[in-house]
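The letter at position 5 of the sequence shown is residue 4 when you use numbering that gives the first Met the number 0, and the numbering goes up by one with no holes.
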Amino acid sequence: MKTKIIIVVVAIVVFGFSMWSYQSKVNRILLEDEVIIKDEPELVGDFRGLLPCADCAGIDTVVILIRDHPNSGDGTYQLLEIYPGKSEVPFTSSGRWTTLRGTDKDENAIVYQLNPDQTEPVKYFKHIDEKTIRLLDTKGNEINSSLPYDLIIEE
């Protein structure tokens with residue numbers, strides 16, 4: 000009888016230890032996930048400039064790119080466009096952006112593809128440097144023009 004009690008006690012202790020070890024592992028995984036979730040979004044840039052316009056003085060444009068978390072290749076964006084002299088009411092758009100690689104002229108280019116939440120067309124911007132992005136055409140190709148298509152981070 001004492002042998003059965005000892006076996007039961009040992010089994011309970013072993014089972015309890017294995018459950019404690021399992022729960023500890025689960026808590027560690029949850030904690031790691033929580034750290035990932037708590038990573039702060041990161042501002043890639045607040046890019047501004049006056050883009051060419053076919054029937055107005057230019058499109059006053061602001062693109063704000065926010066990375067989901069550090070080292071992420073995607074995130075959310077806000078786009079604001081004002082057509083001075085035509086309409087002072089800003090056109091706004093928002094959605095998700097993702098990073099692509101290459102254009103028709105530069106296979107190593109970093110390209111931000113802006114995917115709007117609504118039915119607006121996708122926009123593409125080439126990463127020129129840490130403070131500059133350049134508008135690409137509707138297919139993500141570089142625009143062959145002497146007109147300024149750059150947006151910059153103003154200090």
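Beta carbons: idealized from backbone N, C-alpha and C, even for Gly.
Item, Value
"Between the alpha carbons of D103 and I127, how many angstroms are there, rounded?", "15 Å"
"If you count every other CB in all the chains shown that lies within 10 Å of the CB of K125, and 16 or more means buried, which is it?", "buried"
"For R100 and Y76, what's the separation of their Cα atoms in angstroms?", "19 Å"
"Let me make sure I understand the geometry here. Which of A108, E119, S144, D105 has the alpha-carbon closest to that of S92?", "E119"
"What first and last residue would you give for the beta strand (DSSP E) that runs through V110?", "109-115"
"By Cβ distance below 8 Å, which residues in the same chain neighbour L29 in space, the five residues on each side in sequence not counted?", "Legend: pLDDT at L29 = 43, less than 50; position of this residue unreliable, no value from coordinates given."
"Identify, in the order they occur along the chain, each residue of the same chain with its Cβ nearer than 7 Å to the Cβ of R66, setting aside the five sequence neighbours on each side.", "P40, E41, V43, G74"
"When burial is assigned at 16 or more other CB atoms within 10 Å of the CB, is K122 buried or exposed?", "buried"
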